[in-house]
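Numbering (the numbering used here), first residue to last: 20 to 227.
This report refers to the structure that appears directly beneath it.
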C-alpha cells in the first residue's frame, strides 16, 4: 500500500515537473531575443504630391521584397524591435508616365507593447510606435538628374505571433511610415514626395 502511494506521488510529481517545464518553455516575455523573417509589401499612399509648382503629379508604385526584424523584450509586456530589409526599388510615375525610379532602405525602430506578454497564450498580439529613417539611392529619371533627400519620420506598428513551439511562430505585421522626401531635378528644388507607405509583412519568427 505504502509502495503504491509512493509510486503515485512520484508519478504526480513527474507530471507536474513536465507540465512546468513545458509551460516555462512556451512562456513569452522578458528576456526573449528574436528575429522575424518574411516577404514585405511596401504600398505608398495613392497621392504622393505635386512637383514643379504643382504641374507634375507624383505616383510612387508598390514594391515587394525580403524584410526581417531583430527584437528584444526587456519586460514581459515591453520590447524594442528594429525593422530592416534589402533595398526596395520603386517606379515613380510623373503625370501618369513611368519616368523615374528610386531605391530605398527604411530602418525603423519601435517600442512595442504586448498585452498578453508573460502568459502562455499561443496568440500574442502587439502594437508599437517609434521612428523611421529612410535612405534613398540610385535615383534615375528620364527628365534629368533626380535626387531625393533622406527622411526621418514617425512610425506605427501592429502585429501578431502565432506560437508553434518554444522557438518558432508564424508572424504577421504592418507598419505605417511617415516618409517625406525633398526632391531636386538638375540641382533645382522641385518639391516634396510624400510616400507615407503601409509596409505589410508575413513570415516566421524565431526566439533564441
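Glycine included, every Cβ here is placed at the ideal spot set by N, Cα and C.
1) Which class does residue 227 belong to by DSSP, given the choice of helix, strand or coil?
2) Using the Cβ count rule (16 or more neighbours within 10 Å means buried), how would you classify residue 227?
3) Looking at C-alpha atoms only, which residue of 170, 106, 101, 141 is the closest neighbour of residue 128?
4) Does DSSP put residue 56 in a helix, a strand or coil?
5) Taking 6 Å as the limit between beta carbons, can you name the residues of its chain near residue 164, skipping five residues before and five after?
6) Could you tell me which residues DSSP pairs with residue 111 in its beta bridges?
7) By the 10 Å Cβ neighbour count, where 16 or more other Cβ atoms means buried, how is residue 142 classified, buried or exposed?
8) Hey, would you say residue 169 sits closer than 9 Å to residue 186, going by beta carbons?
9) What's the gap between the Cα of residue 140 and the Cα of residue 95?
10) Distance, Cα to Cα, residue 131 vs residue 161?
11) Whole angstroms is fine: what's the gap from residue 158's alpha carbon to residue 202's?
12) DSSP puts residue 185 in a beta bridge; with which residues?
13) Quick one: Cα of residue 75 to Cα of residue 148, how far?
14) For the beta strand (DSSP E) holding residue 147, just list the boundary residues, first then last.
15) Measure the CB-CB distance between residue 180 and residue 224 and report whether it falls below 9 Å.
16) Bridge partners of residue 135, per DSSP?
Inspection of the coordinates gives the following:
1) coil
2) exposed
3) With distances taken between Cα atoms, residue 128 lies closest to 101.
4) It is a strand residue.
5) 205
6) 79, 119
7) exposed
8) no
9) Their Cα atoms are separated by approximately 13 Å.
10) For residue 131 and residue 161, the gap between their C-alpha atoms comes out near 42 Å.
11) 10 Å
12) DSSP output for residue 185 lists no bridge partner at all.
13) 33 Å
14) Going by DSSP, residue 147 is part of the beta strand (DSSP E) stretching over 142-160.
15) Their beta carbons are under 9 Å apart, which means residue 180 touches residue 224 by this criterion.
16) Beta-bridge analysis with DSSP links residue 135 to no other residue.
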